[in-house]
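Following: one structure in structure tokens, then a few remarks.
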Amino acid sequence: MRFIIATGNKDKVREINEILAGTEFEAVSMKEAGFNPEIIEDGSTFEENALIKAKAVHALCNEYVMADDSGLCIDALDGAPGIYSARFCGEDSTYPEKFAKINEMLEGVPDEKRTAHFTCAIAVVRPDGSSFTVEEYFNGVLLKEPQGENGFGYDPIFFVPEYNMTSAEMSIDLKNSMSHRGKALRLMVEKLLEK
757 MRFIIATGNK DKVREINEIL AGTEFEAVSM KEAGFNPEII EDGSTFEENA LIKAKAVHAL
817 CNEYVMADDS GLCIDALDGA PGIYSARFCG EDSTYPEKFA KINEMLEGVP DEKRTAHFTC
877 AIAVVRPDGS SFTVEEYFNG VLLKEPQGEN GFGYDPIFFV PEYNMTSAEM SIDLKNSMSH
937 RGKALRLMVE KLLEK
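Sequential numbering from 757 applies to the sequence shown in this note's numbering.
Below you can see the structure in the form of structure tokens.
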């Protein structure tokens, strides 16, 4: 069954399909499905933004639509960049620029206090217009220098102490088993399949 994802991010769609493997659902991006609405994410939480995106695409197609909103929340920065993670340092900033800015903002913060978590909120709108949301987290510590080639976004500086590696050094299966998006997607699938 086609499951339209309110994103243009190919990495995200690939990751979602890896987690959906074995279910009746196959994720396609909204662009692949022929939709490209202008969506204003003006919610104040991850959950609100996910629902805004899912409803905007659902209004065009009346199919199963999923949207997620996720980001990095740094404890010493009161949860920043949070919902602004992708736009942190400006719309067109690179991740190395974002990493440098984080290091600058955490100047003087001891290594053990550089704790952070990823949050992922997922909203699903069913063909009949009913909806639900789920939210999950992935805890770690921020490194000063990036490590690893896998993953994307903030993964190279997100260190997971119990595995002694960043999420960018993890295998896809390991990362999906513990990441905020992996956990939220599995919870979403459970709810989708509830009869």
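From the three backbone atoms N, C-alpha and C, an ideal C-beta is built for every residue, glycine too.
By the Cβ-count criterion, I761 is buried, with 16 or more other Cβ atoms from all chains shown falling within 10 Å of its own Cβ. With distances taken between CA atoms, V890 lies nearest to A806 out of H814, L930, A806. Its chain contains P902, I913 as the residues whose beta carbon lies nearer than 7 Å to that of F855, once the 5 sequence neighbours on both sides are disregarded; these appear in chain order. DSSP, read as helix, strand or coil, puts Y910 in coil.
In the three-state reduction of the DSSP assignment, R882 falls in the coil class. If you ignore the 5 residues before and after H814, its C-beta comes within less than 6 Å of the C-beta of V821, V881, all in its own chain and listed in chain order. The Cβ neighbour count for R758, taken over all protein chains shown within 10 Å, is under 16; the residue is labelled exposed.
R937 sits buried, since 16 or more C-beta atoms from the chains shown fall within 10 Å of its C-beta.
Rounded to the nearest angstrom, the Cβ distance from A872 to C829 is 6 Å, consistent with a contact under 8 Å. Among the bridge pairs identified by DSSP, G827 is matched with T875. Here the C-alpha atom of G790 lies approximately 37 Å from the C-alpha atom of I858. Contact between F874 and D767 does not hold, since their C-beta atoms are separated by about 15 Å, which reaches or exceeds 8 Å. In the structure shown, the three-state DSSP call for R770 is helix. I760 is bridged by DSSP to V784, V821.
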